[in-house]
Amino acid sequence: MLVDCQSFYASVEKAAHPELSNKPVAVGDPARKSGIVLAACPLAKSFGVTTAMRNFEALAVCPDLTIVRPRMKTYIDVSTLITEIYETFTDLVEPWSIDEQFIDVTGSRSLFGSPAEIAQRMQTKVMLSTGIWVRAGISSTKILAKMATDNFAKKSESGIFELPADQIESILWPLPISNMYMVGSRMTAHFIRMGLNTIGDIARLDLGEFKRRMRIRMGRQSDIKAEYYWQTARGIDPSPVVARAFSKPKSITRGRSLQSQRYQTMEDIEPLLIELVIEVCRTSRRNNCMGRVVTIGAGTVTRGFSRQMTIPSPTCLEHHVVSAARELFQKNWNGDPLTHLAVDLSQLTDDSTYQLDLFEDIERNLRLAKAQDSIKDRFGSASILRASSLLKTAQAKERAIMIGGHYA
Numbered sequence: 001m002l003v004d005c006q007s008f009y010a011s012v013e014k015a016a017h018p019e020l021s022n023k024p025v026a027v028g029d030p031a032r033k034s035g036i037v038l039a040a041c042p043l044a045k046s047f048g049v050t051t052a053m054r055n056f057e058a059l060a061v062c063p064d065l066t067i068v069r070p071r072m073k074t075y076i077d078v079s080t081l082i083t084e085i086y087e088t089f090t091d092l093v094e095p096w097s098i099d100e101q102f103i104d105v106t107g108s109r110s111l112f113g114s115p116a117e118i119a120q121r122m123q124t125k126v127m128l129s130t131g132i133w134v135r136a137g138i139s140s141t142k143i144l145a146k147m148a149t150d151n152f153a154k155k156s157e158s159g160i161f162e163l164p165a166d167q168i169e170s171i172l173w174p175l176p177i178s179n180m181y182m183v184g185s186r187m188t189a190h191f192i193r194m195g196l197n198t199i200g201d202i203a204r205l206d207l208g209e210f211k212r213r214m215r216i217r218m219g220r221q222s223d224i225k226a227e228y229y230w231q232t233a234r235g236i237d238p239s240p241v242v243a244r245a246f247s248k249p250k251s252i253t254r255g256r257s258l259q260s261q262r263y264q265t266m267e268d269i270e271p272l273l274i275e276l277v278i279e280v281c282r283t284s285r286r287n288n289c290m291g292r293v294v295t296i297g298a299g300t301v302t303r304g305f306s307r308q309m310t311i312p313s314p315t316c317l318e319h320h321v322v323s324a325a326r327e328l329f330q331k332n333w334n335g336d337p338l339t340h341l342a343v344d345l346s347q348l349t350d351d352s353t354y355q356l357d358l359f360e361d362i363e364r365n366l367r368l369a370k371a372q373d374s375i376k377d378r379f380g381s382a383s384i385l386r387a388s389s390l391l392k393t394a395q396a397k398e399r400a401i402m403i404g405g406h407y408a
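If you're matching positions, the sequence shown starts at 1 in full-length UniProt numbering and goes up one per residue.
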C-alpha cells in the first residue's frame with residue numbers, strides 16, 4: 001500500500017492549534033505577499049487555494065485564510081513518528097516523501113487482518129497520535145498502490161481504496177492519461193496529440209507500436225521512456241518495498257524561486273549561482289559521488305531555459321562546476337530579471353576513482369573540500385562562507401538557519 005497524509009503541513013499546524021480547526025489554513029511565509037503556499041487544508045482548498053499559489057492570490061480567493069509560517073523540524077519529527085507507527089504493523093516501511101510511505105503488509109495479515117483492516121487500524125492510530133488523517137491505496141505493486149491512492153483513496157470518504165490487479169482494465173484504464181503516475185502537463189499534451197487520451201489507450205497498445213509512435217513524436221532516444229510509461233499503464237513494477245530505503249541519487253539539484261526585482265544583473269546573480277554550486281558539490285561529496293554533466297535551469301519574467309554541458313572529467317569540486325555553470329548561464333541568459341535559478345550535477349559515478357591532473361593537485365583539493373564539509377556539518381553551514389555570500393543578493397547566511405529552505 002501507499003499511505004499518504006492529507007495536507008500534511010497544514011494538518012500538523014491545525015492539530016497544534018485547535019483554535020484553527022474550523023478555519024481555512026495554509027502554510028507559507030505570512031510576511032511575504034509574493035511567497036508561495038506550501039500546503040493548504042481541505043477547507044482552504046474548497047475556496048480555491050492551491051499549493052504553489054502566491055499568498056496574495058490565496059488571500060484574494062479566501063480572505064479569511066490564516067497563513068502559518070512553516071516549521072520544518074516539526075514536520076520531520078511528525079513524519080518520523082508516523083513511520084514508527086506503521087512499523088508496529090510491519091517492518092517493510094519505505095519512506096517515499098515526507099508525507100508518503102510504501103508499506104508491504106503481505107506478512108502481517110495473519111496478525112492484523114485484511115489489508116483494508118490494517119489500513120483502518122493505521123488510520124486510527126495515526127489520528128490518535130498526531131491528529132492527521134491518512135489515506136491508503138492498496139494493490140499488488142507499488143505503482144498500482146500509488147495510483148490507487150492518488151486517484152481513488154484521496155477522493156474516498158473512507159480514505160481507503162483497493163485496486164485488484166485483475167480489475168485494472170475496468171477501474172484504472174478508463175481514467176484520463178493525465179491521471180497516470182509521472183505524467184505531467186507536457187507529457188499529457190504529447191500523448192493527446194498522439195491520440196492517447198486514457199491510460200488504457202497506452203496499456204492496450206503493443207509495446208513495439210508504442211515505441212514507434214514515441215519515436216515519431218519525441219525522437220529516437222524515447223524507447224526507455226516508452227517502456228516506462230507502457231509498464232506503468234499496465235501496473236508492472238517489480239521493485240519491492242525496502243525498509244527505510246534511500247537509494248543513491250541519479251542527479252543532484254539545488255534551486256531557488258527568486259524575487260525578480262532583486263536579480264537583474266550578473267553582479268546580482270553570480271553570488272547565488274556560486275552558492276547553489278557549493279550546495280550541489282557538498283551534497284555530491286556526502287553521497288560519495290562525482291558528476292560529469294552540469295545543467296543550468298533559469299526562469300525569467302519572459303521565458304526560461306535549461307542547458308547542459310559535459311565537462312572533461314567527473315568532479316565534485318566547486319571551482320570546476322562553477323566554471324561550467326557560469327559559462328552556460330552567460331551564453332543562454334537573455335538579460336531579463338530572474339524568477340528561478342537551479343544547478344544540477346548528473347551522470348554521477350563513485351568518487352573512489354578519479355582522474356588526476358597535471359596542472360592541479362586534485363587529491364589535495366578533495367581533502368580540503370571534505371575538511372570544510374566536516375566543519376560545516378559540526379558547526380553549521382554558515383561556519384565557513386565565501387566572501388561573495390556576504391553580498392546583498394546572496395542567501396547562504398540566511399538559509400543556514402533553515403531546514404529545506406524554511407525556518408525550523
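Backbone N, C-alpha and C fix where the C-beta goes; we use that ideal spot for every residue, glycine too.
Predicted, not measured: the structure shown is a model, and the values here were computed from it.
Between which two residues does the beta strand (DSSP E) carrying residue i extend?
{"i": "C289", "result": "289 to 300"}
{"i": "E360", "result": "Counting along the chain, E360 falls outside any beta strand (DSSP E), and DSSP gives it neither H nor E."}
{"i": "P95", "result": "93 to 97"}
{"i": "D4", "result": "2 to 5"}
{"i": "A26", "result": "25 to 27"}
Please report how far the alpha carbon of residue i lies from the alpha carbon of residue j, in whole angstroms.
{"i": "I330", "j": "W133", "result": "One detail in the question is off: residue 330 reads as Gln in this sequence, not Ile. So the two alpha carbons sit approximately 48 angstroms from each other."}
{"i": "R121", "j": "P95", "result": "19 angstroms"}
{"i": "residue 415", "j": "R307", "result": "In the structure as shown, the chain begins at 1 and stops at 408. Residue 415 is therefore absent and cannot be evaluated."}
{"i": "S139", "j": "R244", "result": "20 angstroms"}
{"i": "A60", "j": "S260", "result": "22 angstroms"}
{"i": "F89", "j": "T149", "result": "19 angstroms"}
{"i": "D91", "j": "V3", "result": "15 angstroms"}
{"i": "D237", "j": "A165", "result": "12 angstroms"}
{"i": "R367", "j": "A396", "result": "23 angstroms"}
{"i": "A324", "j": "K125", "result": "51 angstroms"}
{"i": "Q101", "j": "F210", "result": "32 angstroms"}
{"i": "P176", "j": "A145", "result": "18 angstroms"}
{"i": "E363", "j": "E318", "result": "14 angstroms"}
{"i": "K370", "j": "T80", "result": "29 angstroms"}
{"i": "A189", "j": "I171", "result": "23 angstroms"}
{"i": "P63", "j": "N334", "result": "38 angstroms"}
Can you look up residue i in the DSSP assignment and give me helix, strand or coil?
{"i": "W133", "result": "coil"}
{"i": "M72", "result": "helix"}
{"i": "D150", "result": "helix"}
{"i": "P18", "result": "helix"}
{"i": "R256", "result": "strand"}
{"i": "G304", "result": "strand"}
{"i": "S114", "result": "coil"}
{"i": "L338", "result": "strand"}
{"i": "F89", "result": "coil"}
{"i": "R326", "result": "helix"}
{"i": "R244", "result": "coil"}
{"i": "F47", "result": "coil"}
{"i": "Q101", "result": "strand"}
{"i": "V280", "result": "helix"}
{"i": "S178", "result": "helix"}
{"i": "L345", "result": "strand"}
Alpha helix (DSSP H) containing residue i: first to last residue?
{"i": "E157", "result": "Taken as a continuous stretch (DSSP letters only), E157 belongs to no alpha helix (DSSP H), as it is neither H nor E."}
{"i": "A382", "result": "Here A382 belongs to no alpha helix (DSSP H), and DSSP marks it neither H nor E."}
{"i": "G200", "result": "199 to 203"}
{"i": "D237", "result": "Neither: D237 is in no alpha helix (DSSP H) and is coded neither H nor E."}
{"i": "K33", "result": "Where K33 is concerned, there is no enclosing alpha helix (DSSP H), given that its DSSP letter is neither H nor E."}
{"i": "A396", "result": "396 to 399"}
{"i": "K211", "result": "207 to 218"}
{"i": "A60", "result": "55 to 61"}
{"i": "T188", "result": "185 to 193"}
{"i": "S170", "result": "168 to 171"}
Taking the alpha-carbon of residue i as reference, which of the options has the nearest alpha-carbon?
{"i": "Q167", "options": "Y354, T149, G235", "result": "G235"}
{"i": "T198", "options": "M180, R109, A400", "result": "M180"}
{"i": "T106", "options": "T349, P240, S346", "result": "P240"}
{"i": "S46", "options": "D223, G35, N22, R32", "result": "N22"}
{"i": "I202", "options": "I76, S260, V49, W230", "result": "W230"}
{"i": "G380", "options": "R399, A369, E363", "result": "R399"}
{"i": "E169", "options": "Q372, S346, T232, E19", "result": "T232"}
{"i": "F123", "options": "T349, G137, S251", "result": "At residue 123 the sequence reads Gln, which differs from the Phe that was named. The option with the nearest alpha carbon to Q123 is G137."}
{"i": "S97", "options": "I82, S110, D104, F191", "result": "I82"}
{"i": "residue 421", "options": "L207, R213, D206", "result": "The chain is shown only over 1 to 408; residue 421 falls outside these bounds and no answer can be derived."}
Is the shortest distance between the beta-carbon of residue i and the beta-carbons of chain B less than 8 angstroms?
{"i": "V322", "result": "No chain B appears in this structure, which consists of one protein chain only."}
Legend entry - At least three beta-carbon pairs within less than 8 angstroms, the region 270 to 289 to the region 371 to 390: Flag = yes, the region 270 to 289 and the region 371 to 390 touch.
Legend entry - Given 8 angstroms, three or more beta-carbon pairs between the region 4 to 14 and the region 63 to 80: yes
Inset, instruction - Decide yes or no for the touch test of the region 288 to 299 against the region 331 to 351: beta carbon pairs closer than 8 angstroms, at least 3 of them. - result: yes
Inset, instruction - Decide if the region 286 to 294 is in contact with the region 253 to 262; the criterion is three or more beta carbon pairs, one per stretch, under 8 angstroms apart. - result: no
Legend entry - Stretch pair the region 153 to 164 + the region 26 to 38: three plus CB contacts closer than 8 angstroms: Counting C-beta pairs closer than 8 angstroms gives fewer than three between the region 153 to 164 and the region 26 to 38, which falls short of the contact rule.
Inset, instruction - Answer yes if the region 313 to 332 comes into contact with the region 354 to 364, meaning at least three C-beta pairs across the two stretches below 8 angstroms, and no otherwise. - result: yes
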